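**Q**
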Amino acid sequence: MDSSQLQWVAISGAAALGLGLLAYDMQNKKVETTEQTDVKLRIEELWHYPIKGLGGIRIQSGKIGPQGFEDDRTFCLEKIHRDPETKEITTWETMYSGFNLQMVLFKQIITEENGKKMITVTRVGPENPDPEQLNFTNSVHQIRFPLRPGVDDLKKIHLDLHGSATDAYDMGEEVAAWFSKYLGFEAHLVYIGTHSRVVLGSGAPNGTMAQAKRSPYTAPLRRLLPSSLAPQPETITFQDIGQYLVVTKESNAEVSSRLAEGLQMDISKFRPNIIVSGSPAPYDEDYWAQVVFPGDIKMEFGGTCWRCQAITVDYKTGKKAEGDEGAVWKKLAADRRVDKGWKYGPVFGKYSYTAKKDYGKEIYAGDEIRLTKRVKERPVFDWPLSKAVIAAFK
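Heads up: the sequence shown begins at 1 in the UniProt record's numbering, then just goes up one per residue.
1) Note the first and the last residue of the continuous alpha helix (DSSP H) segment covering Gly326.
2) Roughly how many whole angstroms lie between the Cα atoms of Thr137 and Arg144?
3) Going residue by residue through the UniProt domain "MOSC" (213–372), where are the continuous alpha helix (DSSP H) segments of at least 4 residues, counting only ones entirely within it?
4) What do you get for His81, buried or exposed, if any count of 16 or more other CB atoms within 10 angstroms of its CB means buried?
5) Our contact map puts Leu154 next to Asp170 with C-beta atoms below 8 Å; I'd like the distance itself, whole angstroms only.
6) Is Tyr96 helix, strand or coil when you go by DSSP?
7) Just the Cα atoms here: how many angstroms apart are Arg58 and Ala204?
8) Would you check if the distance between the CB atom of Ile275 and the CB atom of Asp358 is smaller than 7 Å?
9) According to DSSP, is Val198 part of a helix, a strand, or is it coil?
10) Taking buried to mean at least 16 other C-beta atoms within 10 Å of its own C-beta, is Glu300 buried or exposed?
11) Is it right to say Ala289 is buried, meaning 16 or more other beta carbons lie within 10 angstroms of its own, or is it exposed?
12) Using three-state DSSP, classify Thr90 as helix, strand or coil.
13) Suppose the cutoff is 6 Å on Cβ atoms and the five residues either side in sequence are ignored; what does the same chain contact list for Glu250 look like?
14) Quick one: give me the first and last residue of the alpha helix (DSSP H) that Phe145 is part of.
15) Identify every residue that forms a DSSP beta bridge with Lys63.
16) The beta strand (DSSP E) spanning Ala187 covers which residue range?
17) Looking only at its chain, what residues have a beta carbon closer than 6 Å to the beta carbon of Asn128, apart from the 5 residues adjacent to it on each side?
18) Does DSSP put Ala168 in a helix, in a strand, or in coil?
19) Taking its Cβ as the centre, do 16 or more other Cβ atoms sit within 10 Å of Lys269, making it buried, or is it exposed?
20) Looking at the C-beta of Ser251, does it have a partner C-beta in chain B at a distance below 7 Å?
21) Could you give the C-beta distance for Ile363 and Ser61, rounded to a whole number, given that I count them as a contact under 8 Å?
22) Take the Cβ of Pro50 as the centre, count every other Cβ of all protein chains shown within 10 Å, and call the residue buried at 16 or more, exposed below.
23) Determine, using beta-carbon pairs with one atom in the stretch 85–105 and one in the stretch 312–325, whether at least three such pairs fall under 8 Å.
24) Hey, Pro131 and Val121: beta-carbon distance below 7 Å or not?
25) Please check the pair Ala310 and Ser97, which I expect to be a contact at CB under 8 Å, by giving their CB distance rounded to whole angstroms.
26) Does the beta-carbon of Tyr344 have 16 or more other beta-carbons within 10 angstroms, so that it is buried, or is it exposed?
27) Select from Glu113, Ile109, Pro126 the residue whose C-alpha is nearest the C-alpha of Ile119.
28) Go to Trp178, then tell me how far its alpha helix (DSSP H) extends in each direction, as first and last residue.
29) Would you kindly work out how many angstroms separate the C-alpha atoms of Phe381 and Ile43, rounded to a whole number?
30) I need the straight-line Cα distance from Gly172 to His188, nearest angstrom please.
31) Determine the DSSP secondary structure at Thr208, reduced to helix, strand or coil.
32) Where do the ends of the alpha helix (DSSP H) carrying Lys387 lie?
33) Ordered along the chain, which non-local residues of its own chain (more than five positions away) have a Cβ less than 7 Å from that of Lys114?
Listed below in structure tokens is the structure:
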């Protein structure tokens, strides 16, 4: 038997194995974890965050890409640690808004100039006499650069966020000096380019752990499938652990009810991508499994989002808010520590994912969407975090 015949046999065998697994799963109906439903919802707002942790940008439509909305969290800030003697960089520490509340004092907008999209970042802290001026004016309190910069002349680095690593590109000393001036320590802006990070745990529909949970009997055989036939795991950019974050107006209203009379929780502090209304009850989204958008765009849900101190920030000061607004994390933690896999804090909102068939399609604010599937039990967080990361978030 020559090599071409061997190759044909291998491909035929792999295809037969794949079809056999599919037939077995269909016959045995896998492990049933969802149930059908039909609830009308409405998209109230859409948001994205080109630079992770900075003030978000409200958008009227979002284009679906391989890692969520196009251009969402494709940049992030890294705090630089150097060897005191050699001055060489020892650690690139990703900056999270929950640990660096002052990041909200940077606002970002996207404009188009000569057919090229640009990001303008404005420092809106007390040192800026005109913090409402976000359009680029060449102010010392602003910096501007391409939304999708060329990377040929940028230094490539390697980063690890929550155990999911990626290559990225350092945006250079000029941008670093501008951010460092306000932050009070050395920080570099990095761009992910065409790279991505793999979603770990069982939260994403096509991850190895998710497949094993749904089809435990065929999981060992699935490992024998060639990569071309195996489901590809979901990927993200610099989002924490999911492509999209969906929250509801109903849940936010319940949070507001915990605050002093007259105070309303600012829903943008949850840093969502999609805000919807029409939920049957507060926190009902804990059990959502699928929503369908116009154009038959299907969005599958994963795990709930555990919250950090970012929800306590005062947008005007970049510090923890006074009074009830600064105590909102503690108030939620009283009874929203409902994820059995994450006992250290409350959850609010849910991560979700879209499939390859919908890349390039758009969803719009104001769209009517439908909740079509629910899970019977809340998902359990099982992303494999290091002890150091867990200790930091505790």
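Every residue gets a Cβ at the ideal spot worked out from N, C-alpha and C, and that includes glycine. Remember, predicted model here, so these are calculated numbers, not experimental data.
**A** With the structure as the only source:
1) The residue labelled residue 326 in the question sits at position 326 within the sequence shown. Taken as a continuous stretch (DSSP letters only), the alpha helix (DSSP H) holding Gly326 covers 323–326.
2) Reading the sequence shown from its first residue, position 137 is the one you call residue 137. Reading the sequence shown from its first residue, position 144 is the one you call residue 144. Each residue's alpha carbon lies about 10 Å from the other.
3) 219–222, 249–256, 323–326, 328–333
4) Locating residue 81 in the sequence shown gives position 81, where the first residue counts as 1. With fewer than 16 other Cβ atoms within 10 Å, it is exposed.
5) Looking up residue 154 in the sequence shown gives position 154. Looking up residue 170 in the sequence shown gives position 170. At roughly 6 Å, the Cβ-Cβ gap stays under 8 Å, so Leu154 and Asp170 are in contact.
6) Walking along the sequence shown from the start, residue 96 turns up at place 96. Correct three-state label for Tyr96: coil.
7) In the sequence shown, the residue the question calls residue 58 occupies position 58. In the sequence shown, the residue the question calls residue 204 occupies position 204. Taken atom to atom, the span from the alpha-carbon of Arg58 to that of Ala204 is near 25 Å.
8) For the purposes of this step, residue 275 is taken as residue 275 along the sequence shown, with counting starting at 1. For the purposes of this step, residue 358 is taken as residue 358 along the sequence shown, with counting starting at 1. No, the pair does not count as a contact, with Cβ atoms beyond the cut-off.
9) Looking up residue 198 in the sequence shown gives position 198. Reduced to three states, the DSSP call for Val198 is strand.
10) Translated into positions along the sequence shown, residue 300 becomes position 300. Buried.
11) In the sequence shown, counting from the first residue as 1, residue 289 sits at position 289. By the 10 Å Cβ count, Ala289 comes out buried.
12) Residue numbering aside, residue 90 sits at position 90 when the sequence shown is read from its first letter. In the structure shown, Thr90 sits in a strand (DSSP, three-state: E or B).
13) For the purposes of this step, residue 250 is taken as residue 250 along the sequence shown, with counting starting at 1. Closer than 6 Å at the Cβ level, and outside the excluded window around Glu250, lie Ser279, Pro282.
14) For the purposes of this step, residue 145 is taken as the residue at position 145 of the sequence shown. Careful: Phe145 lies outside any alpha helix (DSSP H), inside the beta strand (DSSP E) at 142–146.
15) For the purposes of this step, residue 63 is taken as the residue at position 63 of the sequence shown. Lys63 pairs with Glu362.
16) Residue 187 sits at position 187 when you count from the first residue of the sequence shown. Under the DSSP assignment, Ala187 falls in the beta strand (DSSP E) whose first and last residues are 187–191.
17) On the sequence shown, position 128 is the one that residue 128 refers to. Result list for Asn128: His141, in chain order.
18) Translated into the one-based positions of the sequence shown, residue 168 becomes position 168. Strand, per DSSP.
19) Looking up residue 269 in the sequence shown gives position 269. The residue is buried, with at least 16 neighbouring Cβ atoms inside 10 Å.
20) The structure shown contains no chain B; it holds only a single protein chain.
21) What you label residue 363 is simply residue 363 of the sequence shown in a count that begins at 1. What you label residue 61 is simply residue 61 of the sequence shown in a count that begins at 1. Right, their Cβ atoms sit about 7 Å apart.
22) Residue numbering aside, residue 50 sits at position 50 when the sequence shown is read from its first letter. Buried, since its Cβ has 16 or more Cβ neighbours within 10 Å.
23) The stretch 312–325 and the stretch 85–105 touch, with three or more beta-carbon pairs separated by less than 8 Å.
24) Within the sequence shown, the letter at position 131 stands for residue 131. Within the sequence shown, the letter at position 121 stands for residue 121. For Pro131 and Val121, no; Cβs fall outside 7 Å.
25) Counted from its first residue, the sequence shown places residue 310 at position 310. Counted from its first residue, the sequence shown places residue 97 at position 97. With a Cβ gap of about 4 Å, Ala310 and Ser97 count as contacting.
26) Taking the sequence shown and counting its residues from 1, one reaches residue 344 at position 344. Tyr344 counts as exposed, since fewer than 16 other beta carbons sit within 10 angstroms of its beta carbon.
27) Along the sequence shown, read from residue 1 onward, the residue named residue 119 stands at position 119. The residue with the shortest Cα to Cα distance from Ile119 is Ile109.
28) Sequence index remark: in the sequence shown, residue 178 carries index 178 (1-based). 173–183 is the span of the alpha helix (DSSP H), which, as asked, contains Trp178.
29) Looking up residue 381 in the sequence shown gives position 381. Looking up residue 43 in the sequence shown gives position 43. Approximately 26 Å between the Cα atoms of the pair.
30) Taking the first residue of the sequence shown as position 1, residue 172 is located at position 172. Taking the first residue of the sequence shown as position 1, residue 188 is located at position 188. Approximately 7 Å between the Cα atoms of the pair.
31) Here residue 208 refers to the residue found at position 208 when the sequence shown is read from its first residue. Here Thr208 sits in helix by DSSP.
32) As a working mapping, residue 387 is identified with position 387 in the sequence shown. Counting along the chain, the alpha helix (DSSP H) containing Lys387 begins and ends at 387–393.
33) By 1-based counting over the sequence shown, the position of residue 114 is 114. The question names Lys, yet the displayed sequence has Asn at residue 114. Excluding sequence neighbours, Asn114 sits near nothing in its chain.
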